[in-house]
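Colleague: Pasting a structure below so you can have a look.
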Ligand SMILES: Nc1ncnc2c1ncn2[C@@H]1O[C@H](COP(=O)(O)OP(=O)(O)O)[C@@H](O)[C@H]1O
Ligand SMILES: Nc1ncnc2c1ncn2[C@@H]1O[C@H](COP(=O)(O)OP(=O)(O)O)[C@@H](O)[C@H]1O
Ligand SMILES: [Mg+2]
Ligand SMILES: [Mg+2]
Ligand SMILES: [Mg+2]
Ligand SMILES: [Mg+2]
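Residue numbers (our numbering), protein chains in the order written: chain A, 85 to 417; chain B, 85 to 417; chain C, -1 to 214; chain D, -1 to 214.
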């Protein structure tokens, strides 16, 4: 396990210090409990958006704090949900009087910790709503299980709801849009290599030189299936078909296509996948009207990618297009 | 060697098709010869900026084509300089009557191919100037050798000269600024792992689980020195000291600090390095007034990073801050 | 049997030591069907608890357990943080203001802890979680006590049930927690949380066994 | 000796075949001190040349060589593209409009090719490049011919010099091309370009040797 770090114990803190030093005009980093707020938070009268989760998924979530996206992010230890203290402090710091939306990825740990934080915040008189993303079609959905994981849709949801909140929409409306984004989005991922949790010191899983994992999450957890390595086209087909069939996406649909790198895969490969995705969607009569290609929700140094498709309507498109200015996503200003 | 590709033969073309599909409002991709132009090129009366080089360094250069940066980019085969036909066609396509600046990284192949293209373009009556970047302090400079490699400064130069050209400066002025950027910038890189050229099918070099290469370039070429893996702080110190001592950068200098990932290193580690760099520069009385952190000039899936420091003056700062809108770099619009 | 605040503190200290010792093992188990952090998480949490313990050394058992639970909630994160945190918090309520307690109180505290875990995690037995260790252990303890065997023997029966429960997670299909994402592939691996729960049960039994039976 | 357009075509076709055969070896050599593409580059280029050859099959030797050179320039890229491309272009000028040529013409064409490489690459002997194969080979050819040995023997002496030249790059410190970035670490490796140049020299000698000495 080779990493550019000083120690497993300090990696999250060191990176937060680096972020603080790099983007003082955009964000403010608080320690103990650790959380990142938008510079100048809270914004009076605006709904506050808070997300969080384990570290190791950079730029998510800290890189999405700023104008038009998140008001705060809570980074946990690597791949470990942050604790309620962090969410509570961040919620208080960004409440501008219009309430706070918690954006939670559907992992047992995240859900429970956010739940505890929301209870505490509400006890302190802050209006808190929550949305849980669960877009990963690799996981069978069921009332009797933990359900699907939240993955790529989270990034899109944070951007779109950020636009809605910036436009002055009230908490109920922002929450409705958040639920809509989650309802209209689906994802699936795959890995060529494992990542290594710094404190664990070795790869989470072993994988052969000619193998890949299909249906992985973003924590180095093994996927649903191990198989022989295939071409980008076959891989894209496997991921995209599962996604397209699930919602389902239909002929005539307009979508936002998000090809995400897991951290160790270079951009050239993501564009190869995007090219195959365009053809596949075209064959199904699905039009890609917006796209996002790059490393946005990663799994440390894992090589691999995930695909997310989000069915767009006018409202979602408008808030996606709205200006955003964060360390990792910026347009329109 | 595991990659998300369809075949070594098609990887560059597939990725170009993906770029074309993803960014039609920004760029246009031409094939045979392969080159990418800014949508709407040529811009009448504006100096055209052309760069190019082997593929495998994405987003450089194609990802930097667009408003406020390059007018065209010529992608070669992976790690192989493009050929004069490409540069000639691209030069013609972007000449808006104010001449074209060729931005060439100092590699024998790139220099010779660009030279041939410039001769041909000039024979066709297009005014062509060239700037050769050679900022890599890992390589000893000498009149009798091929000299230093062009690396990270190239990205900064493309942005800054893009701003200058967009502002309407004539070819001579844009060339002067280009030379100034190159003169004021220094870089050095390191690798934790090798990359694998797709057509070669295996890693370019073998490296132990506890080793790193210091002073690597961006083509998987071995570095100046193999050593035991050290901490981010020690690595940053090694790279930054060599850079700071070389120009040299002095107490009171304002710099742009660019921490670049080689393709396989996740963002969290780049922020750890940036944090260490801030401290090191601070100790030397050098102020970082601008920064860029991310994967911008990569070496396929190589894990590692490079650091570039560029001494800023008012002119360079102004053109760095100027709006840019390309697939990979965007701000101000 | 009289279990005092001092014993409770020793119990928690020993858990911290045992978790540190087994940190790599627990993380290893979590690599197979989770995200390779369970041992790291618990070690971080119990190390923090260890640092906090001196501030409550002279306090009642409720306060000691409450501080432990709050510290776990504030430092562990992940799934196990809220779960073990809630367990200690619920136990602290069952033993509020007490400076010592007996076997009956122990059973009540353990039941409260389990209830807290099940409420927080919305899980049942048979879903391949820590519950599969804890629930049978409490059942066995209660059954043994209804047969009127002595406390130590009852605890040893309970521990055997805990071990069996832990092992029972191996063939299970996970339906809760991160392992559930693996579907069928979760089968054949021992659950990390069930394992850490067994570890804690071992420490509990050791601690009680070390108590001089003078007051028995 | 009469070297005809047909021989030249066979020469180029054989280079293409040999380069494809040795592609992995040349790339391997380039991994050690370069960027692992030399064999790939030349194979791409000579495959393109092969596809172009039929269009000039009935043309003069100058045209055949010019087409080869231009195709190499347009398809190889990297350092070797302009270098080998220029070499063939220069040779084409030396043999412009010819349908056959003799030993003297061969020497002149080779000298023109070398000059082109040195001009384009701004390099000299001793810098660990293809020049270290080509220059001594031409020298040896000229020396042998001044001693009046027969053409085949002279070419074999030249090929031996080419081989020695190629091997002489092993202990050299590279000062030109990509290997120069390695500094001292470039020592101990055979230069890929010097190796491909030797390959081409081998093919040249084989081609000439295959010519029936009837017109000798
Ligand atoms: N809903 C749940 N109810 C009870 N226990 C659970 C639940 N979800 C997970 N667990 C337990 O938590 C353990 C994992 O803890 P840990 O690895 O620290 O957290 P995370 O899964 O967030 O990484 C599992 O092995 C399981 O025993
Ligand atoms: N300046 C030069 N003059 C002559 N030959 C050179 C020069 N630079 C490089 N070469 C030759 O080119 C070879 C490398 O070719 P190739 O790998 O195809 O290109 P690149 O170095 O651009 O990847 C070297 O081994 C060397 O023999
Ligand atoms: Mg975890
Ligand atoms: Mg090359
Ligand atoms: Mg875990
Ligand atoms: Mg090469």
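Cβ atoms here follow ideal geometry from the backbone N, Cα and C, with glycine treated the same way.
At a Cβ threshold of 8 Å, is residue 100(C) touching chain A?
Modeller: Within the third chain, numbered from 1, the residue matching residue 100(C) stands at position 102. It does not; no Cβ of chain A falls within 8 Å.
Colleague: Cutting at 7 Å between CB atoms, please list the residues of its own chain near residue 14(C), excluding the five before and the five after it.
Modeller: Position 16 of the third chain holds residue 14(C). Correct list, in chain order: 44, 45, 47 and 48.
Colleague: Can you tell me which of the three DSSP states residue 186(A) falls into?
Modeller: Your numbering for residue 186(A) matches position 102 in the first chain. Here residue 186(A) sits in strand by DSSP.
Colleague: Less than 8 Å between the C-beta atoms of residue 216(B) and residue 188(B), yes or no?
Modeller: Start at 1 with the first residue of the second chain, and residue 216(B) comes out as number 132. Start at 1 with the first residue of the second chain, and residue 188(B) comes out as number 104. In contact: residue 216(B) and residue 188(B) (Cβ atoms closer than 8 Å).
Colleague: Taking only beta carbons into account, state which residues of the segment 186 to 204 of chain B come closer than 7 Å to chain D, listed in chain order.
Modeller: So the list reads 191, 192, 193, 196, 197 and 200, given in the order they occur along the chain.
Colleague: Do residue 145(A) and residue 152(A) have their C-beta atoms within less than 8 Å of each other?
Modeller: For the purposes of this step, residue 145(A) is identified with residue 61 of the first chain, where counting begins at 1. For the purposes of this step, residue 152(A) is identified with residue 68 of the first chain, where counting begins at 1. Taking 8 Å as the Cβ cut-off, residue 145(A) and residue 152(A) do not qualify as a contacting pair.
Colleague: Are there 16 or more other CB atoms within 10 angstroms of the CB of residue 53(C), so buried, or fewer, so exposed?
Modeller: For this step, residue 53(C) is matched to residue 55 along the third chain. By the 10 Å Cβ count, residue 53(C) comes out exposed.
Colleague: Using a C-beta cutoff of 8 Å, does residue 208(A) count as contacting chain C?
Modeller: Locating residue 208(A) in the first chain gives position 124, counting from the first residue. Output row for residue 208(A): interface = no.
Colleague: Could you tell me the boundaries of the alpha helix (DSSP H) in which residue 39(C) lies?
Modeller: If you number the third chain from 1, residue 39(C) lands on position 41. Counting along the chain, the alpha helix (DSSP H) containing residue 39(C) begins and ends at 36 to 50.
Colleague: Let me know if residue 118(C) comes out buried or exposed under the rule of 16 or more other beta-carbons within 10 Å of its beta-carbon.
Modeller: Counted from its first residue, the third chain places residue 118(C) at position 120. When all chains shown are included, residue 118(C) counts as buried.
Colleague: Determine the closest residue to residue 180(D) out of 261(B), 248(B) and 221(B), with distance taken between C-alpha atoms.
Modeller: Here residue 180(D) is taken as the residue at index 182 of the fourth chain, counted from 1. Minimum Cα distance to residue 180(D) is reached at 221(B).
Colleague: Given this structure, state the Cα-to-Cα distance separating residue 409(B) from residue 110(B), to the nearest angstrom.
Modeller: As a first step, residue 409(B) is located in the second chain; it is residue number 325 there, counting from the start. As a first step, residue 110(B) is located in the second chain; it is residue number 26 there, counting from the start. Cα to Cα, the separation comes out at about 8 Å.
Colleague: Could you have a look at residue 29(D) and say whether DSSP puts it in helix, strand or coil?
Modeller: Here the question's residue 29(D) lines up with position 31 in the fourth chain. Residue 29(D): helix per DSSP, three-state reduction.
Colleague: Since residue 345(B) and residue 379(B) should fall inside the 8 Å C-beta cutoff, what is the C-beta to C-beta distance between them, to a whole number of angstroms?
Modeller: Position 261 of the second chain, counting from 1, holds the residue named residue 345(B). Position 295 of the second chain, counting from 1, holds the residue named residue 379(B). About 4 Å separates the two Cβ atoms, so the contact holds.
Colleague: Could you tell me whether the Cβ atoms of residue 170(C) and residue 126(C) are closer together than 8 Å?
Modeller: In the third chain, residue 170(C) corresponds to position 172, counting from 1. In the third chain, residue 126(C) corresponds to position 128, counting from 1. For residue 170(C) and residue 126(C), yes; Cβs fall inside 8 Å.
Colleague: Can you give me the Cβ contacts of residue 107(D) inside the same chain, cut-off strictly under 6 Å, excluding the 5 residues immediately before and after it?
Modeller: Residue numbering aside, residue 107(D) sits at position 109 when the fourth chain is read from its first letter. Excluding sequence neighbours, residue 107(D) sits near 89, 92 and 93.
Colleague: Just reading off the alpha helix (DSSP H) that residue 396(A) is part of, what are its end residues?
Modeller: Working through the first chain from its first residue, we reach residue 396(A) at position 312. Counting along the chain, residue 396(A) falls outside any alpha helix (DSSP H), and DSSP gives it neither H nor E.
Colleague: Please tell me whether residue 214(C) has its Cβ less than 8 Å away from any Cβ of chain A.
Modeller: Within the third chain, the letter at position 216 stands for residue 214(C). Caution applies to residue 214(C), whose pLDDT of 42 falls short of 50 and renders its modelled position unreliable; the value that the coordinates give is listed next. For residue 214(C), the answer is no, since every Cβ of chain A falls outside 8 Å of its Cβ.
Colleague: Could you run through the segment 305 to 327 of chain B and flag, in chain order, every residue whose CB is less than 7 Å away from some CB of chain D?
Modeller: Against chain D - using a Cβ distance shorter than 7 Å - the residues of the segment 305 to 327 of chain B are 305, 306 and 308.
Colleague: In whole angstroms, give me the CA-to-CA distance for residue 316(A) and residue 340(A).
Modeller: Residue numbering aside, residue 316(A) sits at position 232 when the first chain is read from its first letter. Residue numbering aside, residue 340(A) sits at position 256 when the first chain is read from its first letter. The alpha-carbon atoms of residue 316(A) and residue 340(A) are separated by roughly 20 Å.
Colleague: Within the same chain, show all residues whose beta-carbon is closer than 6 Å to that of residue 213(C), passing over the 5 residues directly before and after it, in chain order.
Modeller: Looking up residue 213(C) in the third chain gives position 215. A caution first: residue 213(C) carries a pLDDT of 47, below 50, which makes its placement in the model too unreliable to give a value.
Colleague: Check whether chain A comes within 8 Å of residue 123(C), counting only Cβ atoms and requiring the distance to be less than that.
Modeller: Counting from one through the third chain, the residue named residue 123(C) turns up at place 125. No, no contact with chain A.
Colleague: Report the residue ranges of all alpha helix (DSSP H) runs contained in full by the segment 99 to 185 of chain B; include only those spanning at least 4 residues, in chain order.
Modeller: Correct list: 168 to 178.
Colleague: Are the C-beta atoms of residue 135(B) and some chain A residue less than 8 Å apart?
Modeller: If you number the second chain from 1, residue 135(B) lands on position 51. Answer no: the Cβ-Cβ gap between residue 135(B) and chain A never drops below 8 Å.
Colleague: Consider the C-beta atom of residue 42(C) and the heavy atoms of ligand 6; say whether any pair is separated by less than 7 Å.
Modeller: To locate residue 42(C), count along the third chain from 1; it is residue 44. Not under cutoff, so the answer is no.
Colleague: Any beta carbon of chain C sitting closer than 8 Å to that of residue 243(A)?
Modeller: Locating residue 243(A) in the first chain gives position 159, counting from the first residue. For residue 243(A), the answer is no, since every Cβ of chain C falls outside 8 Å of its Cβ.
Colleague: If we define contact as Cβ-Cβ less than 8 Å, is residue 180(C) a contact residue for chain E?
Modeller: Among the protein chains of the structure shown, namely A, B, C and D, there is no chain E.
Colleague: Can you give the Cα-Cα distance for residue 267(B) and residue 206(A), rounded to whole angstroms?
Modeller: Taking the first residue of the second chain as 1, we reach residue 267(B) at position 183. Taking the first residue of the first chain as 1, we reach residue 206(A) at position 122. Roughly 58 Å separates the two Cα atoms.
Colleague: Could you check the C-alpha separation between residue 209(D) and residue 8(D) for me, to the nearest Å?
Modeller: Here residue 209(D) corresponds to residue number 211 of the fourth chain, with the count starting at 1. Here residue 8(D) corresponds to residue number 10 of the fourth chain, with the count starting at 1. Cα to Cα, residue 209(D) sits roughly 11 Å from residue 8(D).
Colleague: Who are the neighbours of residue 189(D) on chain B, taking C-beta pairs under 9 Å?
Modeller: On the fourth chain, position 191 is the one that residue 189(D) refers to. Under the 9 Å cutoff, chain B gives no residues; its nearest Cβ is about 13 Å from residue 189(D).
Colleague: I'd like to confirm the pairing. Which residues does DSSP put opposite residue 207(D) in its beta bridges?
Modeller: Here residue 207(D) refers to the residue found at position 209 when the fourth chain is read from its first residue. Beta-bridge pairing links residue 207(D) to no other residue.
Colleague: May I ask whether a heavy atom of ligand 1 can be found less than 7 Å away from the beta carbon of residue 391(B)?
Modeller: As a working note, residue 391(B) is residue 307 in the second chain. No, ligand 1 has no heavy atom inside 7 Å of this Cβ.
Colleague: Would you say the beta carbon of residue 335(B) is closer than 7 Å to some non-hydrogen atom of ligand 5?
Modeller: Taking the second chain and counting its residues from 1, one reaches residue 335(B) at position 251. Outside the cutoff, so no.
Colleague: Does residue 147(D) come out as helix, strand or coil in the three-state DSSP assignment?
Modeller: Counting from one through the fourth chain, the residue named residue 147(D) turns up at place 149. Note: residue 147(D) maps to coil in three-state DSSP.
Colleague: To the nearest angstrom, report how far apart residue 245(B) and residue 34(C) are at their CA atoms.
Modeller: For the purposes of this step, residue 245(B) is taken as residue 161 along the second chain, with counting starting at 1. For the purposes of this step, residue 34(C) is taken as residue 36 along the third chain, with counting starting at 1. Distance between the alpha carbons of residue 245(B) and residue 34(C) is about 47 Å.
Colleague: Does DSSP classify residue 391(B) as helix, strand or coil?
Modeller: By one-based count along the second chain, residue 391(B) stands at place 307. Residue 391(B) falls in the strand class under three-state DSSP.
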